[in-house]
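For reference, the structure discussed in these notes is given below.
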Amino acid sequence: MLAVFLYYCSMYALVDCNNFFASCERVFRPELQGKPIAVLSNNDGCVIARSNEVNSLNFYNETN
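Just so it is clear: in the sequence shown, position 34 is 36 by our numbering, and no numbers are missing.
Encoded structure:
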């Protein structure tokens with residue numbers, strides 16, 4: 003019976019990371035440390051991640 007319960011039992015996790023894509027870009031390109039970074043989505047040019055430096059410039063887009 004326990005095996006049946008474990009088979010149907012599932013777990014989900016939601017992780018919210020601050021400025022995730024901008025932070026990842028800085029990991030792979032250290033020369034971007036301290037510079038404003040805005041990451042765009044594919045094809046439509048919407049900003050999907052902004053660094054804290056961009057946020058301090060009061061940069062807004064249509065998704066705000």
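Positions of the beta carbon are idealized from the N, C-alpha and C atoms, including for glycine. If you're wondering where the values come from, they're calculated on a predicted model, not measured in any experiment.
{"Asked": "Three-state secondary structure (DSSP) of Leu59", "Found": "coil"}
{"Asked": "Distance CB(Asn21)-CB(Arg52) smaller than 8 angstroms", "Found": "yes"}
{"Asked": "Run of the beta strand (DSSP E) containing Arg52, from where it starts to where it stops", "Found": "Val49 to Arg52"}
{"Asked": "For Pro32 and Pro38, the rounded distance between their alpha carbons", "Found": "13 angstroms"}
{"Asked": "Range of the contiguous alpha helix (DSSP H) that encloses Val29", "Found": "Phe22 to Phe30"}
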